[in-house]
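For the sequence shown, this note's numbering gives the first residue as 2, with consecutive numbering after it. Encoded as structure tokens, the structure appears first; notes follow it.
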Amino acid sequence: MGYGQRRIDMKQKRKREIRQIVVIGGGAAGLLAAIAAAEDGAQVTILEHKEQLGKKILSTGNGRCNLGNRRMEPDCYHSRQQAFPWKVLRQFGLEENIRFWEKLGMVIKDKNGYLYPWSESAAAVAELLQQEIHRLGVEVITECHVSAVRAAGVVESAKPTEAAWRPSVQEKRKKGNIWAVSTDRGEFLCERVILAAGSKAASVLGSDGSGYDIAEKLGYSLVPVLPALVQLRCQGTFFKAWSGVRTEAKVTLFVDGVQAACDAGEVQLTDYGVSGIPVFQVSRFAAIGLYQGKKVEAVLDFLPFLEGEQRKKDWFSKRLAQLSGKTAEEFLCSVLHKKLIGVLLRCAKIQPDMPVAEIGKSTLEKLYQVLSAFRLTVTETNSFEQAQVCCGGVDVRQVDAQTLESKLHRGLYFAGEILDVDGICGGYNLQWAFSSGSVAGKAAAASFRE
Numbered sequence: 002m003g004y005g006q007r008r009i010d011m012k013q014k015r016k017r018e019i020r021q022i023v024v025i026g027g028g029a030a031g032l033l034a035a036i037a038a039a040e041d042g043a044q045v046t047i048l049e050h051k052e053q054l055g056k057k058i059l060s061t062g063n064g065r066c067n068l069g070n071r072r073m074e075p076d077c078y079h080s081r082q083q084a085f086p087w088k089v090l091r092q093f094g095l096e097e098n099i100r101f102w103e104k105l106g107m108v109i110k111d112k113n114g115y116l117y118p119w120s121e122s123a124a125a126v127a128e129l130l131q132q133e134i135h136r137l138g139v140e141v142i143t144e145c146h147v148s149a150v151r152a153a154g155v156v157e158s159a160k161p162t163e164a165a166w167r168p169s170v171q172e173k174r175k176k177g178n179i180w181a182v183s184t185d186r187g188e189f190l191c192e193r194v195i196l197a198a199g200s201k202a203a204s205v206l207g208s209d210g211s212g213y214d215i216a217e218k219l220g221y222s223l224v225p226v227l228p229a230l231v232q233l234r235c236q237g238t239f240f241k242a243w244s245g246v247r248t249e250a251k252v253t254l255f256v257d258g259v260q261a262a263c264d265a266g267e268v269q270l271t272d273y274g275v276s277g278i279p280v281f282q283v284s285r286f287a288a289i290g291l292y293q294g295k296k297v298e299a300v301l302d303f304l305p306f307l308e309g310e311q312r313k314k315d316w317f318s319k320r321l322a323q324l325s326g327k328t329a330e331e332f333l334c335s336v337l338h339k340k341l342i343g344v345l346l347r348c349a350k351i352q353p354d355m356p357v358a359e360i361g362k363s364t365l366e367k368l369y370q371v372l373s374a375f376r377l378t379v380t381e382t383n384s385f386e387q388a389q390v391c392c393g394g395v396d397v398r399q400v401d402a403q404t405l406e407s408k409l410h411r412g413l414y415f416a417g418e419i420l421d422v423d424g425i426c427g428g429y430n431l432q433w434a435f436s437s438g439s440v441a442g443k444a445a446a447a448s449f450r451e
């Protein structure tokens, strides 16, 4: 398919201000992109549709802002192109992240490898970024909703074929494009655009998914966007009975009978299913499985302090012999919360006051199963509004991992959650925002020297 061309009246263009770099989105990725570009001498404008910059940062880490993590490994990130995130993170990783914040004057607190500002205040993080934006003279326009981005100079078609972004095909991009950014505050012309508009997670804080629409209008393919780091809703009638309980457990997720992920830690039992960090860690795989129409199950091990099946069975047998004179409820007392005990005994069809010595062998086997492998059918995840991040986004095969510049359009860059990259809990998604923002900002500024 050939490439069409569009032109604008050059006399008219000269009458309008043409900015160097416009950053769409004033979240973590957009702010880092603006700072990196401005530090390199570029003139930068941020367009943010909320009333303030960095609003979503305020909610991170339960208001404490987990900036990053000492454990930085490729398996901490997910993408359909698994090697892509690490190519970006190698350019701006943990040490670069720490140096950046220390340069701004932050004292960092290390809590078992989890990094926070010493004050444990997310507001302080947002304030430091805003101070740096002001110091560097970055233009900020808030309450400005971007509806579209178009190439206003001589460019290729907005809808190139898939082959156009395969590495084996020579790129056909024009130099010196002028971009037009359409907003409810008028049209902004610029030479470079950094699209850092976030995802669909927590839209009240600024992520409304509009960036995906902008990308699709330009012809970019999206990996299905789904909630991640989110609660799981499950099938059952007993959830109100255990609602509010927090307990240590191992969560293993199965998709069509195949183990997809597992994690352990404090699980929160809710009136609709399960929550907590271990649930969040496996939730992206549940969301994908459900989207694909597959059977998704979460198996809870309420005896995570015992490793291995044989150790669990030995412990259970020894406890039966030791506490044979107690009731079923007393047998589990001190191991589990009373509300949870009631649910598990009911599922095993055992009366709480029934003496352990009178419980039949098959019923005891059922009790062991609900203790060590309590199976839940997952029906859905909670909504995007409850999700911390999303999985999916702009297909990264269309993006250069070294610069985060589009392979379709010269002068268009991507950063942050809009890309098909998501991290696990523990500061990894903020690290991705900082890393991708910095890489995109530096590359956009450096492009003026090419």
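For each residue, glycine too, the CB sits at the ideal point set by N, CA and C.
Under three-state DSSP, which class holds Arg-347?
Arg-347: helix per DSSP, three-state reduction.
So, at 8 Å on beta carbons, what are the nonlocal neighbours of Gln-399 in its own chain, with the 5 sequence-adjacent residues on each side left out?
The answer, listed in chain order, is Trp-166, Tyr-221, Ser-222, Ser-407, Lys-408, Leu-409.
Grab me the residues of Asp-354's own chain with a C-beta within less than 6 Å of its C-beta, minus the 5 sequence neighbours each way, in chain order.
Thr-328
Out of Gly-326, Glu-267, Ala-250, Leu-254, which has the shortest C-alpha to C-alpha gap to Glu-308?
Put simply, of Gly-326, Glu-267, Ala-250, Leu-254 the residue whose alpha carbon is nearest the alpha carbon of Glu-308 is Ala-250.
Name the DSSP beta bridge partners of Ile-425, please?
The partner list for Ile-425 (beta bridge, DSSP) is empty, contrary to what the question assumes.
Tell me whether Gln-232 is buried or exposed, calling it buried when 16 or more other Cβ atoms sit within 10 Å of its Cβ.
Buried is the call here.
How about Arg-1 and Gly-114: do their beta carbons lie closer than 8 Å?
Outside the modelled stretch of the chain, which goes from 2 to 451, sits residue 1, for which no answer is possible.
Can you tell which of Glu-298, Phe-435, Glu-121 has the C-alpha that lies nearest to the C-alpha of Phe-415?
Phe-435
Would the C-beta of Lys-408 count as close to the ligand SAH, meaning under 7 Å from any of its heavy atoms?
Judged by which ligands are present, the structure shown has none, so any question about the ligand SAH falls away.
Since Leu-453 contacts Ile-19 with CB under 8 Å, what's their CB separation in whole angstroms?
Lying before the first or after the last residue shown, residue 453 is absent from the chain, which here runs from 2 to 451.
Does DSSP classify Arg-234 as helix, strand or coil?
strand
Roughly how many angstroms lie between the CA atoms of Ile-425 and Leu-341, to the nearest whole one?
28 Å
Would you tell me roughly how many angstroms separate the C-alpha atoms of Thr-364 and Ile-351, rounded to the nearest one?
8 Å
Three-state secondary structure (DSSP) of Leu-90
helix
At 3 residues or longer, and completely inside the segment 86-130: list those beta strand (DSSP E) runs for me, N to C.
109-112, 115-118
Nearest CA to the CA of Gly-456: which residue from Ala-402, Leu-54, Arg-151, Glu-74?
No statement about residue 456 is possible, as the shown extent of the chain runs from 2 to 451 and does not include it.
Does DSSP put Val-170 in a helix, in a strand, or in coil?
Residue confidence for Val-170 is low, a pLDDT of 29 falling below 50, so the modelled location carries little weight and cannot support an answer.
Integer-rounded CB distance, given that Ala-153 should sit under 8 Å from Ile-195
Actually they do not touch by this definition, with Cβ atoms about 17 Å apart.
C-alpha distance - Arg-151 paired with Ala-181, whole-angstrom precision:
Going by C-alpha positions, Arg-151 is about 5 Å away from Ala-181.
How about Gln-389 and Ala-216: are their beta carbons less than 8 Å apart?
no
For the segment 249-327, which segments carrying the beta strand (DSSP E) assignment without a break, of at least 3 residues, lie completely within its bounds, in sequence order?
Qualifying beta strand (DSSP E) stretches, in chain order: 259-270, 274-276, 297-302.
Would you report the Cα separation of Thr-382 and Ser-439, rounded to the nearest angstrom?
Taking the straight line joining both Cα atoms gives about 32 Å.
Alpha carbon to alpha carbon, how far is Leu-337 from Thr-248?
Their Cα atoms are separated by approximately 7 Å.
Ser-407 - partner residues in DSSP beta bridges
Val-400
Where does the unbroken alpha helix (DSSP H) through Thr-143 begin, and where does it stop?
No alpha helix (DSSP H) holds Thr-143; DSSP gives it neither H nor E.
If we call anything under 8 Å between Cβ atoms a contact, is Ala-229 one with Ser-284?
yes
Quick one: is Gly-245 buried, meaning 16 or more other Cβ sit within 10 Å of its Cβ, or exposed?
exposed
Report the rounded CA-to-CA distance for Phe-240 versus Leu-270, giving the unit in angstroms.
Phe-240 and Leu-270: Cα-Cα distance of roughly 8 Å.
Any chance the segment 296-306 sits against the segment 251-265, with 3 or more Cβ pairs inside 8 Å?
yes
Pop quiz: Phe-281 and Val-256 are said to be a contact at Cβ under 8 Å. What is the actual Cβ separation, rounded to whole angstroms?
About 17 Å separates the two Cβ atoms, so there is no contact after all.
Give me the Cα-Cα distance between Ala-227 and Ile-278, rounded to the nearest whole angstrom.
The question names Ala, but residue 227 in the sequence shown is Leu. Leu-227 and Ile-278 have their alpha carbons spaced roughly 18 Å apart.
Does the Cβ of Ser-318 have 16 or more other Cβ atoms within 10 Å, making it buried, or fewer, making it exposed?
So Ser-318 counts as exposed.
Per DSSP, what kind of secondary structure is Glu-133 in: helix, strand or coil?
In the displayed model, Glu-133 falls within a helix according to three-state DSSP.
Taking the C-alpha atoms as reference points, what is the distance between Ile-99 and Lys-110?
Taken atom to atom, the span from the alpha-carbon of Ile-99 to that of Lys-110 is near 11 Å.
Under 8 Å Cβ to Cβ from Gly-106, same chain only, skipping five residues before and after it: list those, please.
The answer, listed in chain order, is Leu-129.
So, Ala-441 versus Gly-42, is the Cβ gap smaller than 8 Å?
no
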